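What follows is a set of notes on a single structure, which appears directly below.
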Amino acid sequence: AARGALVGKKALITAGPTVEPLDPVRFFSNYSSGKMGYALAAAAREAGAEVTLVSGPVSLDAPAGVTRIEVKSAEEMKNTVLVHLPDADVIIKAAAVADYRPKHVFKQKMKKSADELTIVLEKTEDIALEVGRRKRPDQLLVGFAAETEEMERHALSKLERKGMDLIVANDVSKPGAGFGSDTNIVSVYDREGLVISLPRMNKIEVARQIIALIGERLDEH
Ligand code: PMT
179 AARGALVGKK ALITAGPTVE PLDPVRFFSN YSSGKMGYAL AAAAREAGAE
229 VTLVSGPVSL DAPAGVTRIE VKSAEEMKNT VLVHLPDADV IIKAAAVADY
279 RPKHVFKQKM KKSADELTIV LEKTEDIALE VGRRKRPDQL LVGFAAETEE
329 MERHALSKLE RKGMDLIVAN DVSKPGAGFG SDTNIVSVYD REGLVISLPR
379 MNKIEVARQI IALIGERLDE H
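179 is the number of the first residue of the sequence shown in UniProt numbering; add one for each residue after it.
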């Protein structure tokens, strides 16, 4: 259904986890596999968009016809997204970006000594928030929310706070949804509230539905 919906449009999509180093051999990260973001990149391409995929470290091949830029940290992802932002018609933020990173990155491998070790973390910059601030009225910002409770309330508050046009909420406490799985269970909200609730389906099917919605919204823009 989404075929042709994004012809002539440019999509900037983030996917995968970020990786925040602690020392030369250790890092903080999360369980994002990149499957959701890569499915969105494939579906956007299928719909005719020119796609730039900014990806954290994952073990997936780039979908055919998609330009992939590989990054590691939240900082690198932010810089890359901001460089490509002016060109994009739609920005989709499916990446699971670290909210905190080690404040001090050790130059040498940390040695084992005391029984307890405290690592101080500092906040990373919120990429979606910055994109929401900078985006033009003709650009559509689509965020994700990974929630374990009170999905609707948290998703709507993120949508509002980060200046998003649409937010895709996944209940990551349910089996078959969220991090790592081939399927997802999502609800999409806009500023007026719930747009659509989808049952559990393959991430590529979820992605096609989201891309179809984006196509409609870009037409109205
Ligand atoms: O990769 P998979 O294994 O397929 O899993 C898919 C997924 C669960 C990672 C994906 O569907 C998803 O929900 N991605 C967003 C996860 C997340 O970080 O959600 P959040 O609620 O913490 O963040 C909300 C939004 O702000 C997201 O669009 C996120 O990209 C963005 N964000 C968050 C922190 C930050 N520093 N910068 C950001 O831009």
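Yeah, the Cβ is synthetic: ideal placement off N, Cα and C, and Gly gets one too. Since the model is a prediction, treat every value here as computed from it, not as a measurement.
Burial state of residue i (16 or more Cβ within 10 Å)
| i | result |
| --- | --- |
| Ile297 | exposed |
| Gln317 | buried |
| Ala179 | At Ala179, the pLDDT of 45 sits below 50, so the modelled position is not reliable; the number obtained from the coordinates is stated separately. With fewer than 16 Cβ atoms within 10 Å of its Cβ, Ala179 is classed as exposed. |
| Met255 | buried |
| Lys287 | exposed |
| Gly212 | buried |
| Ser210 | buried |
| residue 149 | No answer is possible for residue 149: it lies beyond the span of the chain, which begins at 179 and ends at 399. |
| Gly320 | With the sequence shown as reference, residue 320 is identified as Val, and Gly is not the correct amino acid for it. Val320 should be labelled buried. |
| Ile191 | buried |
| Asp265 | exposed |
Host alpha helix (DSSP H) of residue i (start-end)
| i | result |
| --- | --- |
| Ser335 | 329-339 |
| Ile388 | 381-398 |
Endpoints, beta strand (DSSP E) assigned at residue i
| i | result |
| --- | --- |
| Lys281 | Here Lys281 belongs to no beta strand (DSSP E), and DSSP marks it neither H nor E. |
| Gly321 | 318-325 |
| Arg378 | Premise fails: Arg378 is in no beta strand (DSSP E) and is neither H nor E. |
| Glu303 | No beta strand (DSSP E) holds Glu303; DSSP gives it neither H nor E. |
| Ala292 | Segment: none, Ala292 is in no beta strand (DSSP E) and carries neither H nor E. |
| Arg223 | No beta strand (DSSP E) holds Arg223; the alpha helix (DSSP H) holding it covers 213-224. |
| Asn257 | Where Asn257 is concerned, there is no enclosing beta strand (DSSP E), although the alpha helix (DSSP H) it sits in stretches over 252-262. |
Any non-hydrogen atom of the ligand PMT within 6 Å of residue i CB
| i | result |
| --- | --- |
| Gly341 | no |
| Ile297 | no |
| Asn348 | yes |
| Lys271 | yes |
| Lys213 | yes |
| Ile305 | yes |
| Thr302 | yes |
| Ser233 | no |
| Ser210 | yes |
| Gly356 | yes |
| Gly310 | no |
| Val320 | no |
| Ala266 | no |
| Val261 | no |
| Val185 | no |
| Ala275 | In the sequence as presented, Ala is not what sits at residue 275; that position holds Val. Yes, the Cβ of Val275 comes within 6 Å of a heavy atom of the ligand PMT. |
| Ala323 | yes |
heavy atom of the ligand NAD below 6 Å from residue i C-beta
| i | result |
| --- | --- |
| Ser207 | Judged by which ligands are present, the ligand NAD is missing from the structure shown, whose ligands are the ligand PMT. |
Interface flag, residue i vs chain D, CB-CB below 7 Å
| i | result |
| --- | --- |
| Ala323 | Any reference to chain D falls outside this structure, which holds one protein chain only. |
- Cβ contact (3+ pairs, closer than 8 Å) linking the region 182-190 and the region 218-237: yes
- Taking one C-beta from the region 295-310 and one from the region 348-368 each time, how about it: are there three or more such pairs within less than 8 Å? no
- Query: Does the region 329-349 come close enough to the region 358-375 that 3 or more CB-CB pairs lie under 8 Å?
  - Reply: yes
- Message: Any contact between the region 196-211 and the region 261-280? By contact I mean 3 or more CB pairs, one from each, below 8 Å.
- Response: yes
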